[in-house]
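K.L.:
Numbered by the numbering used here, the letters in the sequence shown go through residues 63 to 303 in order.
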Amino acid sequence: MVKYTPVEIETNGKGYLGFLCDYPGAYIRGKSIEEALSKTGHELQSYQKWLGIEEKGAFQAHVVKKHESSLMIEDADSNILLETDLEPMTKREFDELSFLLLKSGKTTYQIYQSAEFKDWIDQDRIRKTFYGDTPKTIREILHHIDSVQYYYLSRMRISVKHISDFIKGRELCVEKLQQLFHKNCNNKINNIDSESWTLKKILRRFLWHDRIHSKSMIKILKKQNEMGLITSVQDPFFFFI
């Protein structure tokens with residue numbers, strides 16, 4: 063039986079980025095909308111396996127909204143506010159998302175820790191993107207993930223001192239977001255630098271950003287494995303199931 067999952071698509075005509083509305087952080091990408099949507103089933107299986115869920119049946123995307131953008135979508139730049147980002151949020155839902163943020167941070171760091179050659183340069187990643195030079199080593203990728211989590215807090219006008227320990231930093235982020243939830247739930251929209259943010263969007267973006275860059279770390283590890291530098295690759299997000 064085919065199961066349909068709602069997806070919101072963002073595009074600039076040169077790339078397509080889709081967000082799976084019922085699975086915060088899950089995403090699909092492609093040069094065409096057809097290519098992006100074709101990845102829905104695999105992304106859902108990967109996401110659910112990470113959560114310890116194995117649901118039988120085929121998944122198919124149902125596009126509920128399409129957003130036109132002037133951003134570099136082909137490099138995974140994004141600024142859309144999903145319909146789900148605006149929905150009310152209960153304490154139970156916030157607690158579930160907070161748990162996912164901590165789990166995602168630990169999974170991301172697990173990949174980093176498993177890497178023997180953290181400073182090995184992936185020559186294919188030497189290029190410019192909308193945010194500058196692409197991180198080209200596993201260490202640089204983790205540093206990027208780490209710095210962006212503090213950027214996300216700043217979108218809700220939360221300023222905290224950077225902690226060098228990645229996991230403790232993630233725990234601090236969750237603590238600050240919890241304080242924000244108790245203050246206004248998901249009822250406030252912040253407009254900063256021409257982009258709208260809600261608490262639910264921040265939570266979704268944390269999870270998405272972990273996934274997209276953790277996949278890059280796994281790709282580097284797979285290259286190292288193919289070259290004989292390492293003998294195995296840990297893939298705790300199950301990106302390549």
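Glycine included, every Cβ here is placed at the ideal spot set by N, Cα and C.
Note that the structure is a prediction, hence the values are computed from the model and not measured.
Hey, out of Leu144, Leu159, Pro197 and Glu116, whose CA is closest to isoleucine 387's CA?
P.N.:
A query on residue 387 cannot be resolved here, the shown segment of the chain reaching from 63 to 303 and no further.
K.L.:
Going by C-alpha distance, which of Ile292, Phe268 and Asp208 is nearest serine 140?
P.N.:
That would be Phe268, whose Cα lies nearest to the Cα of serine 140.
K.L.:
Using C-beta distances below 7 Å, list every residue in its chain close to isoleucine 183, excluding the 5 sequence neighbours before and after it, in chain order.
P.N.:
The answer, listed in chain order, is Lys198 and Thr199.
K.L.:
Tell me whether glycine 103 sits in a helix, a strand or coil according to DSSP, three-state version.
P.N.:
Helix.
K.L.:
Rounded to whole angstroms, what's the CA-CA distance from leucine 242 to serine 276? Just pull it up for me.
P.N.:
The straight-line gap from Cα to Cα measures roughly 27 Å.
K.L.:
Would you kindly work out how many angstroms separate the C-alpha atoms of tyrosine 193 and valine 210, rounded to a whole number?
P.N.:
Each residue's alpha carbon lies about 11 Å from the other.
K.L.:
Determine the closest residue to phenylalanine 8 out of Ile95, Lys111 and Phe81, with distance taken between C-alpha atoms.
P.N.:
Since the first and last residues shown for the chain are 63 and 303, residue 8 lies out of range.
K.L.:
Measuring straight from C-alpha to C-alpha, what distance separates threonine 74 and alanine 138?
P.N.:
At residue 74 the sequence reads asparagine, which differs from the threonine that was named. The straight-line gap from Cα to Cα measures roughly 11 Å.
K.L.:
Could you compute how far the alpha carbon of methionine 289 sits from the alpha carbon of lysine 190?
P.N.:
Methionine 289 and lysine 190: Cα-Cα distance of roughly 25 Å.
K.L.:
With distances taken between CB atoms, is the gap from isoleucine 207 to histidine 129 smaller than 8 Å?
P.N.:
Not a contact, by the Cβ cut-off of 8 Å.
K.L.:
Taking all protein chains shown into account, decide if serine 108 is buried (16 or more other Cβ within 10 angstroms of its Cβ) or exposed.
P.N.:
When all chains shown are included, serine 108 counts as buried.
K.L.:
Assuming glycine 167 and aspartate 272 form a contact by the criterion Cβ under 8 Å, report the distance between their Cβ atoms to the nearest whole angstrom.
P.N.:
Going by Cβ atoms, the distance from glycine 167 to aspartate 272 rounds to 7 Å, so yes, they are a contact pair.
K.L.:
Taking aspartate 181 as the reference, which of Leu283, Pro68, Thr293 and Pro298 has the closest Cα?
P.N.:
The shortest Cα separation from aspartate 181 among Leu283, Pro68, Thr293 and Pro298 belongs to Leu283.
K.L.:
Do you know how far the Cα of arginine 154 is from the Cα of threonine 146?
P.N.:
If I take the Cα positions, the gap works out to 16 Å.
K.L.:
Name the residue from Val64, Leu148 and Pro150 whose alpha carbon lies nearest to the alpha carbon of glycine 119.
P.N.:
It is Val64.
K.L.:
Taking the straight line between their C-alpha atoms, what separation do you get for proline 68 and histidine 224?
P.N.:
Their Cα atoms are separated by approximately 36 Å.
K.L.:
Please indicate yes or no: does the CB of lysine 101 lie closer than 7 Å to some heavy atom of the ligand HEM?
P.N.:
Summarising the ligand content, the structure contains no ligands, and the ligand HEM is consequently not present.
K.L.:
Once the 5 residues before and after isoleucine 188 are set aside, which same chain residues still bring their CB inside 6 Å of it?
P.N.:
Closer than 6 Å at Cβ, skipping near neighbours: Lys198.
K.L.:
Under 8 Å, do isoleucine 90 and lysine 101 count as touching if we go by C-beta distance?
P.N.:
Their beta carbons are under 8 Å apart, which means isoleucine 90 touches lysine 101 by this criterion.
K.L.:
In terms of alpha-carbon separation, which member of Ile274, Gly103 and Ser176 lies closest to threonine 196?
P.N.:
Out of Ile274, Gly103 and Ser176, Ile274 has the C-alpha closest to the C-alpha of threonine 196.
K.L.:
Assign proline 86 to buried or exposed, taking buried as 16 or more other Cβ atoms, counted over all protein chains shown, within 10 Å of its Cβ.
P.N.:
With 16 or more other Cβ atoms within 10 Å, it is buried.
K.L.:
Over the uninterrupted beta strand (DSSP E) stretch that includes tyrosine 174, give me the two end residues.
P.N.:
Unbroken run through tyrosine 174 is the alpha helix (DSSP H), 153-176; no beta strand (DSSP E).
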